[in-house]
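Residue numbers (the numbering used here), protein chains in the order written: chain Z, 46 to 444; chain U, 18 to 108; chain V, 94 to 216.
Heads up, the beta-carbon is just placed ideally off N, CA and C, and yes, glycines get one too.
All values derive from a computational prediction rather than experimental measurement.
Beneath this line is the structure, given in structure tokens, with notes to follow.
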């Protein structure tokens, strides 16, 4: 049976060249970068080299990169670190409703600790309106965080405009670039952000390594206390192999970004066009301003987890924002924030392509997916004479 | 403790919120860049620095000028007049 | 996540379909929070002789609907009502904890179908 991995927003397979780079640091070069002897200094050199590679990916200085264990940690570090560092200047934070739960939950925790948080609404495409950001700013605002792109619906946010507004008001601006770094070009000077989160496993690197770009001169309270790793900003013996892997993956991503993006974009568009032939199926997000490999839909009358299971039985691996497919049994808050009725959000399905997907993979999906939909619609009470009874708002249709 | 006002520094180093012992590591790194006679202003919130920085100055022969307290952190002033290596102290 | 039996009843569900001449119809669930099950029964001499279902929901929901409509065939109305949600889950080889609510849904939809039949056939 053919196996097609269409869940690259969840994680990416490790590039073999990255694994080769990492191997010595699992074996003979096992030193602790803080150790005095050669074994240690070689490990230190390796992570410093990786730091430079990651910095080059986003156009920053190496000293502005702090390695973390994940993108979620980088997000927590940014939010909590800046909120606490600036709490004497103000205790109001602004985040969008498109954020990953590592931002949303960190914000909620800060709310409980005495901060005020504004959760920015979004339009039906998932866009944050820079004007809305402007209107939400108060004299107490110290931090704004808006994701570079949503891994759920692929929408790429107007970060440059929002960063300019933040800068004008002297407010720190953070962006979660976990879905974009290594996949679309990023230059922190052009974007104008103060902090930026990344994760290695989103560009064919290993899990266990993430990074936070912190603009030089910015004060931030550490998340993890302990020794002096990462210049006294993030303690803990470094995950040398993973960091080395992230560095190499960043280097390859920078070199191959153009061709990779073109490849997935072509397959993505083929998928979107092909799937749009099925009746009562809606593209979520925006047709133009979306991640190059991202195709997300809401299918009327059927449920996401059921679709995933039937697809998996055919060797196709994807994701869904439906309540049943989440361990917490909650519908994706992102879909709901976009105004999609929760009954339609139940039919969410997300395909995210990568460099390893082929033309044949796409054709296979286009052959199997309509069958899956047909099968589940036969079982569903909806469709024939029964409409979807959702609450308010039209179905989000994007053609 | 010596308190100072309006001291003009040649170099400023902001290590506020960086964890101990960055206040000593950065201090040494910063002092190495200074010429003799120049003044370093180093900013940290770490309370342990109140003891550590004057202590480092005494060990290295650099002149500890004093501190200025702000609401969130301390500013330490040191004039370069000695080395940047503490003399060996057996612990 | 799912047992082999659940997967079987999900990929090859029994008794899918409408029943325009059903003696009792029970609908349970809420599309805004998750699943919706519709169970149709045909009753003769106090026994369920046929059962069908339509379900909007996840793998567990479809599997539960399939299993429950299989189990009730040939049972008296009282026997069917006595069937607990645990019975259905057990017959399926168990359900993950967060999916147990699907077996509740099945039992409730069946109960409603029987009540519907009874209200139409007041004896």
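DSSP three-state call for residue i: helix, strand or coil?
| i | result |
| --- | --- |
| residue 98(Z) | helix |
| residue 142(Z) | coil |
| residue 131(V) | strand |
| residue 70(Z) | helix |
| residue 82(U) | strand |
| residue 23(U) | coil |
| residue 302(Z) | helix |
| residue 60(Z) | coil |
| residue 432(Z) | Low per-residue confidence applies at residue 432(Z): pLDDT is 36, beneath 50, and the placement is therefore not dependable, though the value from the model is reported in the following sentence. Of the three classes helix, strand and coil, the one that applies to residue 432(Z) here is coil, per DSSP. |
| residue 140(V) | strand |
| residue 363(Z) | coil |
| residue 255(Z) | strand |
| residue 168(V) | coil |
| residue 102(V) | helix |
Excluding the 5 residues flanking residue i on each side, which residues of the same chain have their C-beta closer than 8 Å to its C-beta?
| i | result |
| --- | --- |
| residue 132(Z) | 160, 187 |
| residue 280(Z) | 267, 269, 270, 271, 272, 273, 274 |
| residue 49(Z) | 360, 361, 362, 402, 406, 409, 410 |
| residue 14(Z) | Since the first residue shown for chain Z is 46 and the last is 444, residue 14(Z) is missing from the structure and cannot be characterised. |
| residue 418(Z) | 323, 326, 344, 347, 352 |
Provide the residue span of the alpha helix (DSSP H) that contains residue i, from first to last.
| i | result |
| --- | --- |
| residue 381(Z) | 378-382 |
| residue 201(V) | 193-213 |
| residue 122(Z) | 116-130 |
| residue 74(U) | 66-77 |
| residue 396(Z) | Element bounds for residue 396(Z): not the alpha helix (DSSP H) but the beta strand (DSSP E), 393-397. |
| residue 411(Z) | 404-424 |
| residue 235(Z) | 233-236 |
The beta strand (DSSP E) that contains residue i, what's its start and end?
| i | result |
| --- | --- |
| residue 212(Z) | Residue 212(Z) -> not in any beta strand (DSSP E); alpha helix (DSSP H) instead, spanning 204-213. |
| residue 48(U) | No beta strand (DSSP E) holds residue 48(U); the alpha helix (DSSP H) holding it covers 39-50. |
| residue 217(Z) | 217-221 |
| residue 31(U) | 28-31 |
| residue 92(U) | 91-96 |
So, is the C-beta of residue i closer than 9 Å to a C-beta in chain V?
| i | result |
| --- | --- |
| residue 369(Z) | yes |
| residue 129(Z) | no |
| residue 374(Z) | yes |
| residue 438(Z) | Per-residue confidence for residue 438(Z) stands at a pLDDT of 31, beneath the threshold of 50, marking its modelled position as unreliable; the derived number appears in the next sentence. For residue 438(Z), the answer is no, since every Cβ of chain V falls outside 9 Å of its Cβ. |
| residue 360(Z) | no |
| residue 391(Z) | yes |
Determine, using beta carbons only, whether residue i comes closer than 9 Å to chain Z.
| i | result |
| --- | --- |
| residue 106(V) | yes |
| residue 107(U) | Note that residue 107(U) has pLDDT 48, beneath the 50 cutoff, so the model's placement of it is unreliable and the number below is only indicative. No, because no Cβ of chain Z sits closer than 9 Å to the Cβ of residue 107(U). |
| residue 44(U) | no |
| residue 37(U) | yes |
| residue 91(U) | no |
| residue 28(U) | no |
| residue 58(U) | no |
| residue 154(V) | yes |
| residue 32(U) | yes |
| residue 101(V) | no |
| residue 147(V) | yes |
| residue 150(V) | yes |
| residue 88(U) | yes |
| residue 157(V) | no |
To the nearest whole angstrom, what separates the beta carbons of residue i and residue j, a pair I think is in contact under 8 Å?
| i | j | result |
| --- | --- | --- |
| residue 392(Z) | residue 370(Z) | The Cβ separation is near 11 Å, so there is no contact. |
| residue 6(U) | residue 59(U) | Because residue 6(U) is not part of the residues shown, which for chain U are 18 to 108, the question remains open. |
| residue 30(U) | residue 57(U) | 7 Å |
| residue 374(Z) | residue 191(V) | 6 Å |
| residue 162(V) | residue 107(V) | 7 Å |
| residue 156(V) | residue 102(V) | 4 Å |
Excluding five sequence neighbours on each side, which residues of the same chain lie with their C-beta closer than 6 Å to the C-beta of residue i?
| i | result |
| --- | --- |
| residue 295(Z) | 98, 99, 102 |
| residue 186(V) | 96, 98 |
| residue 216(Z) | 186, 189 |
| residue 140(V) | 169 |
| residue 325(Z) | 345 |
| residue 366(Z) | 197, 377, 380, 393 |
Can you list, in chain order, the residues of its chain whose CB lies under 7 Å from that of residue i, leaving out five sequence neighbours each side?
| i | result |
| --- | --- |
| residue 38(Z) | Residue 38(Z) cannot be examined here, being either before or after the span of chain Z that is shown, 46 to 444. |
| residue 192(Z) | 141, 143, 144, 145, 202, 220, 221 |
| residue 183(Z) | 137 |
| residue 334(Z) | 200, 201 |
| residue 45(Z) | Examination of residue 45(Z) is not possible in this model, given that chain Z is present from 46 through 444 alone. |
| residue 174(V) | 204, 207 |
| residue 210(Z) | 175, 178, 179 |
Could one say the Cβ of residue i lies closer than 9 Å to chain U's Cβ atoms, at least one of them?
| i | result |
| --- | --- |
| residue 159(Z) | no |
| residue 347(Z) | no |
| residue 121(Z) | no |
| residue 32(Z) | Beyond the ends of chain Z as shown, which are 46 and 444, falls residue 32(Z); an answer cannot be given. |
| residue 164(Z) | no |
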